[in-house]
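Trainee:
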């Protein structure tokens, strides 16, 4: 083990779209774990759209990153030094770490990773926060019933791809919006979506929905916002449910963007629109992990990760989320299995 | 009893703001009740904002009015001829009638009016559809808890004025938006609202809310839409509930109006926004009528009606809703108590 560590810092708060100037890579010493802590070497680092919000100096659900501080995020890593009875060196764990080669994590805040269930990187996607978000967001906010039509935006992403498959398990017709033919093919050919719309090559989303969702929309799981959402709102059925999970189209906006007002459309159909944060379901994470793990292990729930190689490319991986570079979960491979 | 009847027809579908040209007054014969029906002489006719939607040729929750057909609406009237065992001539009833001097109503579709509880016109307001809408909309969609701050737009209207008083009964801080000093004075001095904002003389609604709702907004009961709603959405607290009851600012729009997108604001606070139609609570109307009747009879629940005289002025009364002419429920007095 080298004694050199690298950590990404927030160099400056971006205005509008972030770029490389927002990030700075610092060399530090590898930290030493305190009692109860683990020194973890990062295998995989998660980059997620919500992190754009942490780059703002504004109170929100996720604590803002301070300029000059190390960036945080979900990691899967190998314990290289343990000051806890709960884990030994060599164990694989997942938790909230840093954009870094090494970080110390409190043993109470990590969960074990079982490579017999799925590849370790899946613990940042289908078996991690995105999978749990899909599970509770769809089932608890979307409340899908057999025969319902479920529309998902960002359908080929880490959350959307799981939402659509759970909706299919629940007997729904599932329609996804995604940004390339490769993505829409994956949705329909591999994941079992009934229809998928390439929003970058489709001009008229309402007409596309007339064909893909001829009976209207009962559940809309929204990861994106913007014109896709405008179109879906015009197709909401009586008692429709909208889970507002993400609005990536708007994360770089500096003020509330302008669009068609949607509230008048809610009255005739009595639709329910609800903001969704996975932290609200924390007491039930065990249930989600168990179910998702069973479905992944049996092969019923398919998943995919887009891997960028090297900690030095973590900002690129993050920035690529906003242009839709990823299929499934975007992760950064920081070290290989035999590197610890 | 004269044999001449007058009925208002839909003369043409309005584009944008309706005017007198949308209405035509026709003379007809007084109808004859069939078995099971009542011939009812209208005392009071209700004009309501939702009727703007019935002037469109578009499927919605309320059946569209056809051009050339008599306009329908809530009435309180006196039975002048009964072909039913359930009511006798002289009884006062309320139900869905016509914008007319006389109409036949199915005895199964009317409810008795008890003038010992309140003046008959109150059965079109606090004891009728608007009162029930306030009751279920606030309690079931808004879910107010003691200590919550409840904001109501259209607060001096038939629904809003009841919402605010029920919220006060539930131990909430209540803030209303209304369109004149007479209205805001009524809210704070008579109805017990904690604060009221005159939206026609206030420039900065967000600053006004900072003062009137210093702890943020837990429940927003929206009758209006537009810039008031934009401001309230920026103040929503964690787990806030928004009941979208009306959007009168938009009923004359010919296409979806443009405004700030609100969905991104819902995620950090996990707010729930729900379209509300009173018909969904039809099986529980008895509960609402009983509670509202008790509160009105005891004087705890105050109400007010704005009365326009004469069936010939019914279109004016309707059109005045869009300029906010009414305080409390807008009704039209079609005949006096001794006129049948």
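Chains as they are written, first to last, in the UniProt record's numbering: chain E, 1 to 340; chain R, 1 to 340. Every residue, glycine too, gets a C-beta built ideally from N, C-alpha and C.
(1) List the whole-angstrom C-beta distance separating residue 31/R from residue 102/R, where the pair is believed to meet the contact cut-off of C-beta under 8 Å.
(2) Say whether chain E places a C-beta atom closer than 9 Å to the C-beta of residue 61/R.
(3) Is the separation between the beta-carbon of residue 195/E and that of residue 201/E shorter than 9 Å?
(4) Which residues, in chain order, does the region 269–285 of chain E contribute to contact with chain R at a C-beta distance below 8 Å?
(5) Could you give the C-beta distance for residue 372/R and residue 149/R, rounded to a whole number, given that I count them as a contact under 8 Å?
(6) What are the boundary residues of the beta strand (DSSP E) that residue 306/E is part of?
(7) Which one of 225/R, 329/R, 295/R and 29/R has the shortest CA to CA distance from residue 3/R?
(8) Following the continuous beta strand (DSSP E) through residue 42/R, name the residue where it begins and the one where it ends.
(9) Opposite residue 82/R in the DSSP bridges: which residues?
(10) So what does DSSP say about residue 340/R, is it helix, strand or coil?
(11) Grouping DSSP H, G and I as helix and E and B as strand, with all else coil, what is residue 173/R?
(12) When the cut-off is 9 Å and only beta carbons count, does residue 244/R lie next to chain E?
(13) The alpha helix (DSSP H) spanning residue 183/E covers which residue range?
(14) By alpha-carbon positions, which one of 73/R, 138/R and 104/R ends up nearest to residue 50/R?
(15) What's the C-alpha gap between residue 269/R and residue 243/R?
(16) With a 10 Å radius around its C-beta and 16 neighbouring C-beta atoms as the bar for buried, classify residue 141/E as buried or exposed.
(17) Name the DSSP bridge partner or partners of residue 94/E?
(18) Does the beta-carbon of residue 35/R have 16 or more other beta-carbons within 10 angstroms, so that it is buried, or is it exposed?
(19) Note down the Cα distance separating residue 46/E from residue 58/E, rounded to an integer number of angstroms.
(20) Taking the beta strand (DSSP E) that residue 263/E belongs to, which residues open and close that run?
(21) Pick helix, strand or coil for residue 193/R, following the three-state DSSP scheme.
(22) Output the residue ranges of the beta strand (DSSP E) runs that lie fully inside the region 225–288 of chain E and measure 3 residues or longer, sorted by chain position.
(23) Leaving aside the five residues before and after residue 276/E along the sequence, list all residues of the same chain whose C-beta is less than 7 Å from its C-beta, in chain order.
(24) Would you kindly work out how many angstroms separate the C-alpha atoms of residue 218/R and residue 237/R, rounded to a whole number?
(25) Using DSSP bridges, identify the partner residues of residue 157/E.
(26) Helix, strand or coil for residue 198/E per DSSP?
(27) Taking the CB atoms as reference points, tell me whether residue 177/R and residue 153/R lie closer together than 9 Å.
(28) For residue 26/R, report the span of its alpha helix (DSSP H) as first-last.
(29) With a cut-off of 8 Å, do at least 3 Cβ pairs link the region 221–234 of chain E to the region 10–27 of chain R?
(30) Would residue 145/E be called buried (16 or more neighbouring beta carbons within 10 Å of its own) or exposed?
(31) If you measure between the beta carbons of residue 61/E and residue 197/R, is that distance less than 9 Å?
(32) Which same chain residues, not among the five before or five after residue 241/R, have their C-beta less than 6 Å away from its C-beta?
(33) Can you pull out the residues from the region 247–270 of chain R whose beta carbon lies closer than 7 Å to at least one beta carbon of chain E?
(34) Which same chain residues end up closer than 6 Å to residue 174/E when comparing Cβ atoms and leaving out the 5 residues on each side of it in sequence?
(35) Check the Cβ-Cβ distances between residue 222/E and every residue of chain R, and say whether any is below 9 Å.
(36) Does residue 251/E pass the burial test, meaning 16 or more other C-beta atoms within 10 Å, or should it be called exposed?
Mentor: In brief:
(1) Mapped onto the second chain, residue 31/R falls at position 31. Mapped onto the second chain, residue 102/R falls at position 102. Sure, about 7 Å apart at Cβ, within 8 Å.
(2) Walking along the second chain from the start, residue 61/R turns up at place 61. True, the Cβ-Cβ gap to chain E drops below 9 Å.
(3) To locate residue 195/E, count along the first chain from 1; it is residue 195. To locate residue 201/E, count along the first chain from 1; it is residue 201. Result no, Cβ atoms of residue 195/E and residue 201/E do not sit closer than 9 Å.
(4) Cβ contacts with chain R come from 269, 270, 271, 272, 273, 274, 275, 276, 277 and 280.
(5) The structure shown does not extend to residue 372/R, since chain R spans only 1 to 340, so no value can be given for it.
(6) Here residue 306/E is taken as the residue at index 306 of the first chain, counted from 1. Segment 305–309, the beta strand (DSSP E) holding residue 306/E.
(7) Here residue 3/R refers to the residue found at position 3 of the second chain. The residue with the shortest Cα to Cα distance from residue 3/R is 29/R.
(8) Looking up residue 42/R in the second chain gives position 42. Where residue 42/R is concerned, the enclosing beta strand (DSSP E) stretches over 37–46.
(9) In the second chain, counting from the first residue as 1, residue 82/R sits at position 82. Looking at the DSSP assignment, residue 82/R forms a beta bridge with 38/R.
(10) The residue you call residue 340/R lines up with position 340 of the second chain. Its pLDDT being 44, under 50, residue 340/R is placed unreliably by the model, and the measurement read from it follows with that caveat. In the structure shown, residue 340/R sits in coil (DSSP, three-state: anything other than H, G, I, E or B).
(11) Sequence index remark: in the second chain, residue 173/R carries index 173 (1-based). Correct three-state label for residue 173/R: strand.
(12) The sequence position of residue 244/R within the second chain is 244, counting from 1. Chain E, which has a Cβ nearer than 9 Å to the Cβ of residue 244/R, makes this yes.
(13) On the first chain, residue 183/E is found 183 positions in, with the first residue counted as 1. Going by DSSP, residue 183/E is part of the alpha helix (DSSP H) stretching over 181–185.
(14) Here residue 50/R refers to the residue found at position 50 when the second chain is read from its first residue. It is 73/R.
(15) On the second chain, residue 269/R is found 269 positions in, with the first residue counted as 1. On the second chain, residue 243/R is found 243 positions in, with the first residue counted as 1. Rounded to whole angstroms, residue 269/R and residue 243/R show a C-alpha spacing of 16 Å.
(16) As a first step, residue 141/E is located in the first chain; it is residue number 141 there, counting from the start. Classification for residue 141/E: buried.
(17) Numbered from its first residue, the first chain carries residue 94/E at position 94. In DSSP, residue 94/E forms a bridge with 76/E and 111/E.
(18) For this step, residue 35/R is matched to residue 35 along the second chain. With fewer than 16 Cβ atoms within 10 Å of its Cβ, residue 35/R is classed as exposed.
(19) By 1-based counting over the first chain, the position of residue 46/E is 46. By 1-based counting over the first chain, the position of residue 58/E is 58. Whole-angstrom Cα-Cα distance: 22 Å.
(20) Reading the first chain from its first residue, position 263 is the one you call residue 263/E. Here residue 263/E belongs to no beta strand (DSSP E); instead the alpha helix (DSSP H) covers 263–269.
(21) For the purposes of this step, residue 193/R is taken as residue 193 along the second chain, with counting starting at 1. Residue 193/R: coil per DSSP, three-state reduction.
(22) Along the length of the region 225–288 of chain E, whole beta strand (DSSP E) runs at least 3 residues long occupy 236–244, 258–260 and 272–275, reported in chain order.
(23) The residue given as residue 276/E occupies position 276 in the first chain. Cβ neighbours of residue 276/E beyond the five flanking positions: 137, 141, 243, 244 and 245.
(24) Here residue 218/R refers to the residue found at position 218 when the second chain is read from its first residue. Here residue 237/R refers to the residue found at position 237 when the second chain is read from its first residue. Across the structure, residue 218/R and residue 237/R are spaced so that their CA atoms are roughly 5 Å apart.
(25) For this step, residue 157/E is matched to residue 157 along the first chain. Paired residue(s): 328/E.
(26) Residue numbering aside, residue 198/E sits at position 198 when the first chain is read from its first letter. DSSP places residue 198/E in the strand class (E or B) of the three-state scheme.
(27) As a working mapping, residue 177/R is identified with position 177 in the second chain. As a working mapping, residue 153/R is identified with position 153 in the second chain. Here residue 177/R is near residue 153/R, since their CB atoms are less than 9 Å apart.
(28) Within the second chain, residue 26/R is the residue found at index 26, counting from 1. For residue 26/R, there is no enclosing alpha helix (DSSP H); the enclosing beta strand (DSSP E) has its first and last residue at 23–29.
(29) Per the Cβ contact rule, the region 221–234 of chain E is not in contact with the region 10–27 of chain R (fewer than 3 Cβ pairs under 8 Å).
(30) One-based indexing of the first chain puts residue 145/E at position 145. Exposed, by the Cβ-count rule.
(31) The sequence position of residue 61/E within the first chain is 61, counting from 1. The sequence position of residue 197/R within the second chain is 197, counting from 1. Contact: no.
(32) Indexing the second chain from 1 puts residue 241/R at position 241. Closer than 6 Å at Cβ, skipping near neighbours: 142, 143, 219 and 272.
(33) Residues passing the 7 Å Cβ filter: 247, 250, 256, 257, 258, 259, 260, 261, 263, 264, 266, 267, 268, 269 and 270.
(34) Position 174 of the first chain, counting from 1, holds the residue named residue 174/E. These residues qualify, in order along the chain: 150, 164, 167, 168, 193 and 194.
(35) Along the first chain, read from residue 1 onward, the residue named residue 222/E stands at position 222. In terms of beta-carbon proximity, residue 222/E lines the interface with chain R, with at least one pair separated by less than 9 Å.
(36) Position 251 of the first chain, counted from the start, is the residue given in the question as residue 251/E. So residue 251/E counts as buried.
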